[in-house]
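Working notes, structure below.
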Amino acid sequence: MGGDRLEVYRRKRDFTRTPEPSGVVAPGPGGARFVVQRHRASRLHYDLRFEIDGVLVSWAVPKGPTLDPQARRLAMHVEDHPLEYLYFEGVIPSGEYGGGDVIVWDTGTWEPVKTDDPRAAVESGELHAEMHGEKLRGRLVLVRRDGDEGGEPWMLLHKRDGHAVDGWDPEDHPRSVLSGRTNEQVRAEPDRMWRSDLPATEASVSLLPEPLPDEAIDELEAFGRQGTWEVFGRRLKVTNLDKVLFGGDPPVTKREFLAYAARIAPVALPYLEGRPLNLHRYPNGAEKKGFWHKQRPDHAPSWLGAWDNLAADEGETTTYTVVDEPAALVWAANFGALEWHPWTSRTDAPHEPTYALIDLDPGGHTTWEDLLVLARLHRTALDHLGVTARAKVTGRRGIQIWVPVTGGYSFDETRAWVERLSRTVGRVVPDLVSWEWEVKARKGLARLDYTQNAVNKTLVAPYSPRPAPGAPVSVPIAWDELDDPELRPDRWTIRTVLDRLDGSGDPFRALLSAGQELPEIT
Ligand code: MN
2 MGGDRLEVYR
12 RKRDFTRTPE
22 PSGVVAPGPG
32 GARFVVQRHR
42 ASRLHYDLRF
52 EIDGVLVSWA
62 VPKGPTLDPQ
72 ARRLAMHVED
82 HPLEYLYFEG
92 VIPSGEYGGG
102 DVIVWDTGTW
112 EPVKTDDPRA
122 AVESGELHAE
132 MHGEKLRGRL
142 VLVRRDGDEG
152 GEPWMLLHKR
162 DGHAVDGWDP
172 EDHPRSVLSG
182 RTNEQVRAEP
192 DRMWRSDLPA
202 TEASVSLLPE
212 PLPDEAIDEL
222 EAFGRQGTWE
232 VFGRRLKVTN
242 LDKVLFGGDP
252 PVTKREFLAY
262 AARIAPVALP
272 YLEGRPLNLH
282 RYPNGAEKKG
292 FWHKQRPDHA
302 PSWLGAWDNL
312 AADEGETTTY
322 TVVDEPAALV
332 WAANFGALEW
342 HPWTSRTDAP
352 HEPTYALIDL
362 DPGGHTTWED
372 LLVLARLHRT
382 ALDHLGVTAR
392 AKVTGRRGIQ
402 IWVPVTGGYS
412 FDETRAWVER
422 LSRTVGRVVP
432 DLVSWEWEVK
442 ARKGLARLDY
452 TQNAVNKTLV
462 APYSPRPAPG
472 APVSVPIAWD
482 ELDDPELRPD
492 RWTIRTVLDR
502 LDGSGDPFRA
512 LLSAGQELPE
522 IT
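Written out as structure tokens, the structure is:
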């Protein structure tokens, strides 16, 4: 089954834990398949892949295949890919082989011409293929060129046949034939990630959360004041279900809050898992004073994630809660955690932040319009620097910007970078910003707060409620929503944010695979 042909692929991907063979998918009913993936890696190229003997025999074509019979395209013969990659569309984490974004630019079936042994044709250096795709039709010819060093350059052309179109350019037809989306759109909201550290059969990982079944909500609704709830495969005792936790019309009961926590848990989980969680508890409701609860309680269920902070000093928190599964967030909610504050770093490297955070903190005189000016200026600066980031409204008055970073940065480094960026932005609008430490000395101006970039300092999690009437939620937004006149920092509540997610998805998903190095700011 072409096992040897995949050797190069496997070597490049370090399959250290993979006993099972990859590259085994039943052939298509209509004969051999092909795919062309438009792949924005370190350079844009198109990957032309033919199904032959259970693998994808592949060429990387920098300018892309074409119907133009006059074009002669360079095509680098690259290692075979496993069949599991055939319809892959999504992102490859930066830093990994081929890191970037991929769409299925064309697919269909193909027939070898003048041979019934396409493998031998490839080995002989000439392959003629009749293409039956949505974009590619007619006869493609691939011919090996000699003499060049480094790689294996071939030439790709389209025969002058009934499907040829003079001047046809693949870049004029940029959308996926599977989803209709462009590379930019897939990058912004990927459905799947290709994890090259996993075996091919498991490498295509869904980034879409599994929703909570409606029956689980029905069960919660049917309880009296308390009950034992079967949720996400766990049994949780839920209590005081009719207690009012947030004001509003009608007020929000604990039952409604728990239903929200369970529905949002699959969406919020990627921002919580693997991180110590500081719980902001309001067991008597948002109108009473809340308090920080960091120590994982002894009565917590044994399955609840935990992290021992071995560096804790006398009197500091020794064991933190870690929300590693959706049921854990429901547990925290039932425990009175109205706000969820995960660390910026992960338990496996607590002194290395995975995000640099920009906290636009309005002062008493800062208007919403002022805050939007500051957010848009940061957007422009980040775009100019080529940095991937997203904003979210806090659910109270502010806006935060999250910048995903690769491992290895210290908090001192991310804090210094955010300070340089925000001071540069702040110089453009000195009348809106104060750098004074004391709140009173700021005279009601906004603060561009870089000091949150420190170990055990946290910002509220995406989709966490805030302790205010109506249960507003901190919600990620797309950059162009900063120009939406309807935008407000507390626009969405636990009663409306799920509909927004159904309609427009989660803008922060694009950050999950976008860890990056921070460019110099001078
Ligand atoms: Mn590629």
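In this note's numbering, the protein residues as written are 2 to 523.
Just so you know, even glycine gets a beta-carbon here, dropped at the ideal spot from N, CA and C.
The structure displayed is predicted, hence computed values, not measured ones.
Between the C-alpha atoms of K64 and M77 there is a straight-line separation of about 11 Å. Under the 10 Å beta carbon count, E274 is surrounded by 16 or more other beta carbons and is classified as buried. For V166, the three-state secondary structure derived from DSSP is coil. Remark: C-beta atoms of H342 and I359 do not approach each other more closely than 8 Å.
Within the same chain, Cβ atoms closer than 8 Å to the Cβ of R264 are found at P212, L213, I218, L499, the five residues on either side in sequence being excluded. Counting only residues of its own chain and dropping the five nearest sequence neighbours on each side, E203 has a CB closer than 8 Å to the CB of R196.
Taking C-alpha positions only, Y47 is separated from R39 by approximately 5 Å. For K238, the three-state secondary structure derived from DSSP is strand.
Judged by their CB atoms, H159 and A165 are nearer to each other than the 8 Å cut-off. Between L446 and S435, the C-beta spacing is below 8 Å. Those residues that have a beta carbon less than 7 Å away from any non-hydrogen atom of the ligand MN are, in order along the chain, Q38, H40, A42, H46, D48, A61, G99.
A contact between stretches requires three or more CB pairs, one per stretch, nearer than 8 Å, and the region 414 to 431 meets this requirement with the region 359 to 374. Y47 is bridged by DSSP to R39, V62. Around the beta carbon of P508, 16 or more other beta carbons lie within 10 angstroms, which makes this residue buried. Taking the Cα of W155 as reference, the smallest distance to any Cα among P66, D503, R443 is reached at P66. In this structure, V394 sits near I478, with a CB-CB distance shorter than 8 Å.
When the alpha-carbon of P210 is set against those of R140, P327, L483, the nearest one is in P327. Straight across, the Cα-Cα distance linking F292 with G225 is about 28 Å. Within the model, the alpha-carbon separation for R276 versus F412 is close to 15 Å.
The three-state secondary structure of I218, taken from DSSP, is helix. D450 has D360 as its beta-bridge partners, per DSSP.
Considering only R398, D54, I402, the residue with the shortest C-alpha distance to A390 is I402.
Nearest to R34 by alpha-carbon distance, out of A72, S43, G109, is G109. Contact annotation, L278 with V324: C-beta distance approximately 5 Å; criterion of less than 8 Å satisfied. In this structure the region 333 to 347 touches the region 450 to 459; the number of beta carbon pairs closer than 8 Å is three or more. Taking a cut-off of 8 Å on C-beta distances, the region 282 to 297 does not touch the region 361 to 376, as fewer than three cross pairs fall below it. Rounded to whole angstroms, the separation of the alpha carbons of Y261 and K255 is 10 Å.
Within the same chain, G100, M194, S514 come within 7 Å of P94 by CB-CB distance, once the 5 residues on both sides are set aside.
Looking only at R492, L208, H300, the smallest Cα-Cα distance to G506 is reached by L208.
Taking all protein chains shown into account, S177 has 16 or more neighbouring C-beta atoms within 10 Å of its C-beta and is therefore buried. In this structure the region 462 to 474 touches the region 485 to 494; the number of beta carbon pairs closer than 8 Å is three or more. In the structure shown, the three-state DSSP call for K393 is strand.
In this model, W480 and W418 are separated by some 21 Å (Cα to Cα). Note: H78 is bridge-paired with W60 in the DSSP secondary-structure output. When rounded, the separation of the alpha-carbon atoms in G409 and L519 is 11 Å. Around the CB of G337, 16 or more other CB atoms lie within 10 Å, so the residue is classed as buried.
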